[in-house]
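The C-terminal residue of the first sequence carries number 1083 in the numbering used here, and the numbering is unbroken. Note that the Cβ used here is the ideal one computed from N, Cα and C, for glycine as well. In what follows, a single structure is set out as structure tokens and then discussed.
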Amino acid sequence: MPELPEVEIVCREMRQALLTQIIQKVEVRERRLRFLIPPAFEKNLEHLTISSLQRRAKYILVGFQGTSDTLVIHLGMSGRISLLPSAESTLYHKHEHVIFTFTSGKEMRFFDPRRFGSMVLMTTPASLFHKIGPEPLSKDFSAITLKDSLLNKKSSIKSALLNQHIIAGLGNIYVSEVLHKAQIHPERLAKDLNLYECDALVSAIKKILQRAIAAGGSTLRDHQRTNGEAGSFQKQFAVYNQEGKNCPNCQESMIERILQANRSTYFCKKCQH
DNA sequence: CGCTCCACCTGAACGC
DNA sequence: TGCGTTCAGGTGGAGC
């Protein structure tokens, strides 16, 4: 599910609802997420007051008053956060693995059928991001910095953009969309892009991510906002999941699907060179 | 070190 | 209806 726009949406909604909330109780119903949740997890979180909520790459970072511990949340492929105004029910869905109850009565549930997601309490979250590339929506992500990080990359531009060490936050959906907008063929070698192409790519990335955030993210199957609503950016896809349809740009050529590293890439061979 | 590939899981969609 | 197969938005680590 979640690439940068979906994680950003969830993070903003959590910030809106949970800043200054005090954790009353943590209940772990399934410890076997991507990383096993240790037994001390619940006790270490109880009574803490939430003081910050930020997104970095596809991670949500929850900070607390009076401790340097940070709760690091990753949604994996199928993770969802739901926020309930009051804990009305102790009926849990099978895949609701972690339940936070706040002293206000609010509740947060982490749901993740595939269990590729994770919740980790760590004192040094910065170490996680040591090797992660720049935030695409920040000012320090530019044509120059992108060109620089693609130097010597022997992989395709598709693979390079999926590589979180080069740029943070893109996933399989948005890479297809962004390459189409920048009119760059997904099989081009990353190192061969010139500065103009990098510039087109940077501006396509910023625009598409911003539009996707404005639309609440993309919901294909798993992504939900914290109140259970779907995002709507999938209605604006130019190429992703659009195999066989006319390219919305040239109106002539059909969108094609190819496999790169065993993952689908969608593109228009007339528009993308 | 850089790159590709696989494993990690469940559920939905599809074909027979 | 049921059963088998395939595919899915991510990523850490194995292997080359």
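| Query | Result |
| --- | --- |
| Could you check how far apart the C-beta atoms of G979 and E813 are, in whole angstroms? I think they sit under 8 Å. | 6 Å |
| Would you decide whether Q864 is buried or exposed? Buried here means 16 or more other CB atoms lie within 10 Å of its CB. | exposed |
| From E945, L858, A1000, pick the residue whose C-alpha is nearest to that of T911; which is it? | L858 |
| Can you tell me the Cβ-Cβ gap for V1049 and S986, rounded? I've got them flagged as a contact below 8 Å. | 5 Å |
| V838 and I891 - do their beta-carbons sit closer together than 7 Å? | no |
| From F921 to L893, what does the alpha carbon distance come to, in whole angstroms? | 11 Å |
| Can you tell me the Cα-Cα spacing of L843 and I883, whole angstroms? | 11 Å |
| Buried or exposed: A1022, going by 16 or more other Cβ atoms within 10 Å of its Cβ? | buried |
| Go through the region 852 to 895 residue by residue and report every complete run of the beta strand (DSSP E) that reaches 3 residues or more, in order. | 860 to 866, 869 to 874, 880 to 884, 890 to 894 |
| What residues in its chain sit with their C-beta under 8 Å from that of S969, if we drop five residues either side in the sequence? | A1000, Q1070, A1071 |
| Along the alpha helix (DSSP H) that carries I1015, what are the first and last residues, could you check? | 1005 to 1024 |
| At which residue ranges does the region 945 to 982 contain complete alpha helix (DSSP H) runs of 4 or more residues, listed in the order of the chain? | 953 to 960, 967 to 972 |
| So K957 packs on L881, CB below 8 Å; how close in whole Å? | Rounded, the Cβ-Cβ distance is 36 Å, inconsistent with contact. |
| At which residues does the alpha helix (DSSP H) containing R919 begin and terminate? | Note, R919: premise wrong, no alpha helix (DSSP H); beta strand (DSSP E) at 917 to 921. |
| Using a 10 Å radius around the Cβ and a threshold of 16 neighbouring Cβ atoms, would you call T1029 buried or exposed? | buried |
| Thinking C-alpha only, which one of M929, A1040, I860, C1060 is nearest Y869? | M929 |
| Give the DSSP-derived three-state secondary structure of E823 in the structure shown. | helix |
| Which residue's Cα is closest to the Cα of L1019: Y984, P923, L989, T830? | Y984 |
| Which class does Y1076 belong to by DSSP, given the choice of helix, strand or coil? | strand |
| Given a cut-off of 7 Å, decide if A1040 and A1014 are closer than it, judged by their beta-carbon atoms. | no |
| Could you tell me which of I860, K835, G886 sits nearest to F845, measuring between CA atoms? | G886 |
| So, using beta-carbon positions, are S862 and G873 closer together than 7 Å? | yes |
| Assuming G1054 and I1065 make a contact with CB atoms under 8 Å, what is their CB distance in whole Å? | 7 Å |
| Helix, strand or coil for Q834? Go by DSSP, reduced to three states. | strand |
| What is the DSSP secondary structure of L1069, counted as helix, strand or coil? | strand |
| Can the beta-carbon of I860 be found closer than 7 Å to that of L901? | no |
| So, with DSSP's three-state summary, where would you put E906? | strand |
| Buried or exposed for L972, please, with buried defined as at least 16 other CB atoms from any protein chain shown within 10 angstroms of its CB. | buried |
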